[in-house]
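See below for the structure under consideration.
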Amino acid sequence: MTSSISERVERRAEPSDFYERWGALVIAVCIAIGFGVALPTGPPTVTVTVHNPTDYRLYVKASTPTDDTLSFVGVVGPDGTLESGVIDRGGDWILHLRTLGSPAGEIAVTRSELTSGTVRIPDSVTDDLRAAGVKPIAAAPILASP
588 MTSSISERVE RRAEPSDFYE RWGALVIAVC IAIGFGVALP TGPPTVTVTV HNPTDYRLYV
648 KASTPTDDTL SFVGVVGPDG TLESGVIDRG GDWILHLRTL GSPAGEIAVT RSELTSGTVR
708 IPDSVTDDLR AAGVKPIAAA PILASP
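Okay, so the sequence shown: first residue is 588 according to the numbering used here, each after it adds one.
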């Protein structure tokens with residue numbers, strides 16, 4: 588059952604088909620953009636600012652009194668300030684400090700203290716680290732970066 592060329596009918600797109608297809612495409616793109624805008628964003632964050640007046644490079648992590656899961660806040664150098672966006676841990680926070688593999692203390696703060704200003708590392712951190720025999724960063728070996 589073959590048909591000759593003369594029997595074949597060439598179908599040409601009607602102008603209305605063109606506009607219907609483009610209209611459907613525009614509507615589909617608008618719907619996709621609408622869903623993209625409506626998607627939830629990441630978890631809420633809090634900007635944490637920590638001032639380190641010590642001679643030690645401190646690694647700062649955060650937890651809550653009821654959850655020991657640690658969130659990395661950042662590293663603050665000697666006599667430096669760190670500003671970092673961290674997932675909001677709730678009303679009460681514990682900042683965990685370490686230096687050169689040694690614990691350097693903990694600081695209990697509230698969210699309002701974090702958001703209203705800078706958390707200052709207490710001078711007792713320096714005293715405790717020196718008493719434990721931890722040398723300041725200036726005397727610590729410089730490690731090559733990977």
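Using N, Cα and C, we set each Cβ at its ideal position, and we do this for glycine too.
The structure presented is a predicted model; accordingly, all values stated were derived computationally and were not measured.
{"Query": "Identify whether Tyr606 lies in helix, strand or coil by the three-state DSSP scheme.", "Result": "helix"}
{"Query": "Which residues does DSSP pair with Lys648 in a beta bridge?", "Result": "Phe659, His683"}
{"Query": "Restricting to Cα atoms, I'd like to know which of Val637, Leu682, Thr668 is closest to Asp734.", "Result": "Nothing about residue 734 can be read from this structure; the chain reaches only from 588 to 733."}
{"Query": "Going along the chain, which residues of its own chain have a beta-carbon closer than 7 Å to the beta-carbon of Leu701, five neighbours each way excluded?", "Result": "Val633, Val635, Trp680"}
{"Query": "Taking Cβ positions only, does Gly661 come closer than 8 Å to chain B?", "Result": "The displayed structure is made up of one protein chain only, and chain B is not part of it."}
{"Query": "Do you know how far the Cα of Ala611 is from the Cα of Gly621?", "Result": "15 Å"}
{"Query": "In the structure shown, what three-state DSSP assignment does Asp654 receive?", "Result": "strand"}
{"Query": "Please specify which runs of the beta strand (DSSP E), each continuous and at least 3 residues long, are wholly inside the stretch 688 to 728, giving them in chain order.", "Result": "689 to 697"}
{"Query": "Quick one: Cα of Val696 to Cα of Gly672, how far?", "Result": "16 Å"}
{"Query": "Got a sec? Which residues, its chain only, sit under 6 Å from Leu669 by beta carbon, not counting five neighbours each side?", "Result": "Val637, Gly661, Val663"}
{"Query": "Exposed or buried, which one is Leu657 when buried takes at least 16 other CB atoms within 10 Å?", "Result": "exposed"}
{"Query": "So, under 8 Å CB-CB, Thr686 and Arg644 are touching, yes? Tell me the CB distance rounded to an integer number of Å.", "Result": "6 Å"}
{"Query": "Measure the alpha-carbon distance for Lys648 versus Ile618 and round it to whole angstroms.", "Result": "41 Å"}
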